[in-house]
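Shown next, in C-alpha coordinates, is the structure this report addresses.
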Amino acid sequence: MKKSLSILVVVALIALATLSLGMRTQTANTGPTPLLPANSLAVPLIAQATSYSCGAAALMSVLYYWNAYGGNESGLYSMLETTPKDGTEPIKIVEVAKAHGLQASMRTNMTVADLRAALGRGETVILALQAWRDTFDKKWSDTWDSGHYAVLVAMDAEFAYFMDPSAVAGYAYVPITELLERWHDYEDRHGVISRYLNLGITITGAKNLVTIPGPLVRMD
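In the working numbering, the protein residues as written are -18 to 201.
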(Lines of atoms letter the chains of each structure in order from A and count residues from 1; the text may use other names and numbers.)
(Lines give C-alpha, C1' and ligand atoms only; values in the text may rest on other atoms or scores of the structure.)
Protein backbone atom coordinates (compact mmCIF):
# COMPACT_ATOMS: atom_id res chain seq x y z
CA MET A 1 0.00 0.00 0.00
CA LYS A 2 1.32 3.42 -0.92
CA LYS A 3 -0.16 6.50 0.66
CA SER A 4 -0.49 9.54 -1.64
CA LEU A 5 0.62 12.38 0.67
CA SER A 6 3.53 14.82 0.60
CA ILE A 7 6.63 13.51 2.37
CA LEU A 8 6.62 13.83 6.14
CA VAL A 9 10.01 14.73 7.57
CA VAL A 10 9.33 14.57 11.30
CA VAL A 11 9.54 11.20 13.02
CA ALA A 12 7.70 11.30 16.34
CA LEU A 13 8.92 8.71 18.83
CA ILE A 14 7.17 7.54 21.97
CA ALA A 15 5.29 10.42 23.58
CA LEU A 16 6.71 11.27 26.98
CA ALA A 17 3.78 13.11 28.51
CA THR A 18 0.56 11.57 29.74
CA LEU A 19 -2.42 13.79 28.94
CA SER A 20 -5.74 13.63 30.68
CA LEU A 21 -8.11 11.05 29.23
CA GLY A 22 -10.85 13.55 29.84
CA MET A 23 -9.48 15.99 27.28
CA ARG A 24 -12.20 16.89 24.77
CA THR A 25 -11.72 18.32 21.31
CA GLN A 26 -14.08 20.42 19.23
CA THR A 27 -15.72 18.84 16.21
CA ALA A 28 -16.61 20.62 13.00
CA ASN A 29 -20.34 20.16 13.63
CA THR A 30 -22.77 19.97 16.50
CA GLY A 31 -22.72 16.17 16.66
CA PRO A 32 -21.11 13.97 19.31
CA THR A 33 -17.74 15.09 20.65
CA PRO A 34 -14.88 12.56 20.60
CA LEU A 35 -13.51 11.59 24.00
CA LEU A 36 -10.66 9.11 24.18
CA PRO A 37 -11.89 6.10 26.18
CA ALA A 38 -10.11 5.27 29.41
CA ASN A 39 -9.30 1.76 28.19
CA SER A 40 -7.48 2.94 25.05
CA LEU A 41 -4.36 1.03 24.05
CA ALA A 42 -1.26 3.16 24.69
CA VAL A 43 0.19 2.69 21.20
CA PRO A 44 3.05 5.21 20.77
CA LEU A 45 2.77 8.01 18.23
CA ILE A 46 4.95 7.44 15.18
CA ALA A 47 5.01 9.74 12.15
CA GLN A 48 5.77 8.07 8.85
CA ALA A 49 9.10 9.21 7.43
CA THR A 50 8.03 9.12 3.77
CA SER A 51 4.89 9.33 1.68
CA TYR A 52 4.88 5.56 1.12
CA SER A 53 5.86 4.16 4.53
CA CYS A 54 2.64 4.30 6.55
CA GLY A 55 2.71 0.51 6.81
CA ALA A 56 6.22 0.48 8.23
CA ALA A 57 5.38 3.30 10.65
CA ALA A 58 2.20 1.57 11.80
CA LEU A 59 4.05 -1.68 12.42
CA MET A 60 6.90 0.15 14.15
CA SER A 61 4.41 1.68 16.56
CA VAL A 62 2.88 -1.72 17.29
CA LEU A 63 6.31 -3.30 17.77
CA TYR A 64 7.20 -0.54 20.22
CA TYR A 65 3.91 -1.08 22.03
CA TRP A 66 4.69 -4.76 22.51
CA ASN A 67 8.34 -4.04 23.39
CA ALA A 68 9.45 -6.12 20.41
CA TYR A 69 11.66 -3.63 18.52
CA GLY A 70 14.07 -0.81 19.31
CA GLY A 71 15.12 0.37 15.87
CA ASN A 72 13.86 3.02 13.46
CA GLU A 73 11.38 2.93 10.59
CA SER A 74 13.90 2.45 7.80
CA GLY A 75 15.25 -0.58 9.63
CA LEU A 76 11.98 -2.35 8.77
CA TYR A 77 11.91 -1.54 5.05
CA SER A 78 13.96 -4.50 3.88
CA MET A 79 11.99 -7.14 5.78
CA LEU A 80 8.69 -5.51 4.82
CA GLU A 81 9.80 -5.04 1.20
CA THR A 82 8.53 -1.47 1.44
CA THR A 83 9.07 0.48 -1.80
CA PRO A 84 8.30 3.99 -3.07
CA LYS A 85 6.16 2.49 -5.85
CA ASP A 86 4.03 0.05 -3.86
CA GLY A 87 4.41 0.88 -0.18
CA THR A 88 3.92 -2.17 2.05
CA GLU A 89 1.89 -5.30 1.38
CA PRO A 90 -0.34 -6.31 4.32
CA ILE A 91 0.87 -9.90 4.44
CA LYS A 92 4.42 -8.61 4.93
CA ILE A 93 3.29 -6.79 8.07
CA VAL A 94 2.03 -10.10 9.41
CA GLU A 95 5.28 -11.88 8.54
CA VAL A 96 7.52 -9.24 10.10
CA ALA A 97 5.42 -9.04 13.26
CA LYS A 98 5.81 -12.82 13.64
CA ALA A 99 9.54 -12.53 12.96
CA HIS A 100 9.73 -10.23 15.99
CA GLY A 101 8.13 -12.82 18.23
CA LEU A 102 4.54 -11.59 18.13
CA GLN A 103 1.32 -13.38 17.22
CA ALA A 104 -0.19 -11.91 14.06
CA SER A 105 -2.90 -12.69 11.54
CA MET A 106 -4.69 -10.94 8.70
CA ARG A 107 -8.44 -11.00 8.09
CA THR A 108 -10.78 -9.48 5.55
CA ASN A 109 -14.51 -8.82 5.90
CA MET A 110 -14.10 -7.87 9.53
CA THR A 111 -16.98 -6.15 11.31
CA VAL A 112 -17.19 -3.42 13.91
CA ALA A 113 -18.05 -6.15 16.40
CA ASP A 114 -14.83 -7.96 15.45
CA LEU A 115 -12.83 -4.79 16.13
CA ARG A 116 -14.46 -4.28 19.50
CA ALA A 117 -13.77 -7.89 20.41
CA ALA A 118 -10.11 -7.56 19.41
CA LEU A 119 -9.72 -4.44 21.53
CA GLY A 120 -11.41 -6.25 24.40
CA ARG A 121 -8.75 -8.94 24.16
CA GLY A 122 -6.02 -6.30 24.22
CA GLU A 123 -4.97 -6.89 20.61
CA THR A 124 -3.56 -4.18 18.40
CA VAL A 125 -5.26 -4.02 14.99
CA ILE A 126 -3.77 -2.35 11.92
CA LEU A 127 -6.49 -1.35 9.45
CA ALA A 128 -6.10 -0.79 5.72
CA LEU A 129 -8.39 2.10 4.80
CA GLN A 130 -8.71 5.28 2.76
CA ALA A 131 -7.44 8.50 4.31
CA TRP A 132 -5.85 11.89 3.59
CA ARG A 133 -7.02 12.01 -0.02
CA ASP A 134 -5.95 14.86 -2.26
CA THR A 135 -9.35 15.48 -3.89
CA PHE A 136 -12.91 15.35 -2.59
CA ASP A 137 -14.84 14.75 -5.79
CA LYS A 138 -15.91 11.20 -4.83
CA LYS A 139 -17.56 9.53 -1.90
CA TRP A 140 -15.28 7.61 0.43
CA SER A 141 -16.93 4.39 -0.71
CA ASP A 142 -15.79 5.16 -4.28
CA THR A 143 -12.26 6.22 -3.29
CA TRP A 144 -9.56 3.59 -3.77
CA ASP A 145 -6.40 5.61 -4.46
CA SER A 146 -5.74 6.97 -0.95
CA GLY A 147 -4.76 3.76 0.79
CA HIS A 148 -3.39 4.09 4.29
CA TYR A 149 -2.54 2.05 7.38
CA ALA A 150 -3.53 3.11 10.90
CA VAL A 151 -3.52 1.34 14.27
CA LEU A 152 -6.83 1.08 16.11
CA VAL A 153 -6.46 2.08 19.78
CA ALA A 154 -10.06 2.43 20.97
CA MET A 155 -13.74 2.65 20.02
CA ASP A 156 -16.79 4.09 21.70
CA ALA A 157 -20.41 4.31 20.56
CA GLU A 158 -19.69 6.93 17.89
CA PHE A 159 -15.98 7.06 17.04
CA ALA A 160 -12.97 4.91 16.25
CA TYR A 161 -9.60 6.18 17.48
CA PHE A 162 -6.28 5.51 15.76
CA MET A 163 -2.55 5.90 15.97
CA ASP A 164 -2.35 7.43 12.50
CA PRO A 165 1.17 7.83 11.04
CA SER A 166 -0.03 10.99 9.27
CA ALA A 167 -1.54 12.63 12.37
CA VAL A 168 1.59 13.49 14.30
CA ALA A 169 -0.06 15.72 16.92
CA GLY A 170 -2.05 12.97 18.60
CA TYR A 171 -4.43 10.10 18.06
CA ALA A 172 -6.81 10.46 15.12
CA TYR A 173 -10.54 9.85 15.30
CA VAL A 174 -13.19 9.15 12.71
CA PRO A 175 -16.93 8.47 13.06
CA ILE A 176 -17.61 4.74 12.89
CA THR A 177 -20.25 5.24 10.20
CA GLU A 178 -17.63 6.99 8.07
CA LEU A 179 -15.01 4.35 8.83
CA LEU A 180 -17.25 1.73 7.25
CA GLU A 181 -17.25 3.76 4.02
CA ARG A 182 -13.45 4.10 4.06
CA TRP A 183 -12.43 0.62 5.18
CA HIS A 184 -11.12 -0.80 1.91
CA ASP A 185 -7.95 -0.79 -0.17
CA TYR A 186 -6.20 -2.61 -2.99
CA GLU A 187 -2.75 -3.77 -4.10
CA ASP A 188 -1.50 -3.83 -7.69
CA ARG A 189 1.63 -5.94 -7.81
CA HIS A 190 3.12 -7.68 -10.83
CA GLY A 191 -0.06 -7.02 -12.80
CA VAL A 192 -2.27 -8.70 -10.20
CA ILE A 193 -4.87 -6.55 -8.46
CA SER A 194 -6.00 -7.62 -5.00
CA ARG A 195 -8.90 -5.80 -3.37
CA TYR A 196 -9.25 -5.83 0.40
CA LEU A 197 -12.56 -5.16 2.10
CA ASN A 198 -12.55 -4.52 5.86
CA LEU A 199 -8.99 -5.76 6.27
CA GLY A 200 -7.47 -5.90 9.73
CA ILE A 201 -4.12 -7.20 10.93
CA THR A 202 -4.33 -8.32 14.56
CA ILE A 203 -1.09 -8.41 16.53
CA THR A 204 -0.49 -9.35 20.14
CA GLY A 205 2.41 -10.03 22.47
CA ALA A 206 3.30 -10.60 26.10
CA LYS A 207 4.19 -7.13 27.43
CA ASN A 208 2.73 -3.79 26.38
CA LEU A 209 3.08 -0.08 27.15
CA VAL A 210 0.60 1.74 29.38
CA THR A 211 1.09 5.50 28.81
CA ILE A 212 -1.45 7.26 26.56
CA PRO A 213 0.18 9.92 24.33
CA GLY A 214 -1.14 13.10 22.76
CA PRO A 215 -4.46 14.92 22.17
CA LEU A 216 -7.08 14.01 19.55
CA VAL A 217 -7.08 15.16 15.91
CA ARG A 218 -9.63 14.60 13.14
CA MET A 219 -8.60 12.05 10.50
CA ASP A 220 -9.07 13.60 7.04
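Even glycine gets a Cβ: it sits at the ideal position worked out from N, Cα and C.
How big is the Cα-Cα spacing for residue i and residue j?
i    : j    : result
L44  : A78  : 7 Å
R88  : L40  : 16 Å
S34  : T183 : 19 Å
I74  : L26  : 18 Å
G186 : N48  : 8 Å
V134 : D126 : 24 Å
T192 : A23  : 5 Å
A85  : A131 : 16 Å
R97  : A150 : 25 Å
T69  : E76  : 12 Å
What are the boundary residues of the alpha helix (DSSP H) that residue i is part of?
i   : result
V75 : 71 to 80
S42 : 35 to 46
Assuming residue i and residue j are in contact, meaning their beta carbons sit under 8 Å apart, how far apart are those beta carbons, in whole angstroms?
i    : j    : result
K120 : E162 : 7 Å
P196 : Q29  : 19 Å between Cβ atoms; not a contact.
P203 : F140 : This structure leaves residue 203 out entirely; the chain is present only between -18 and 201.
Based on DSSP bridge pairs, tell me the residues matched to residue i.
i    : result
F140 : P156
I184 : A85, T105
I174 : D169
A131 : L108
I'd like the span of the beta strand (DSSP E) that includes residue i, first residue to last.
i   : result
L22 : Neither: L22 is in no beta strand (DSSP E) and is coded neither H nor E.
Margin query: Is it the case that the stretch 56 to 64 contacts the stretch 138 to 156, given that we only count it when at least three CB pairs across the two stretches are under 8 Å?
Written below: The stretch 138 to 156 vs the stretch 56 to 64: no contact.
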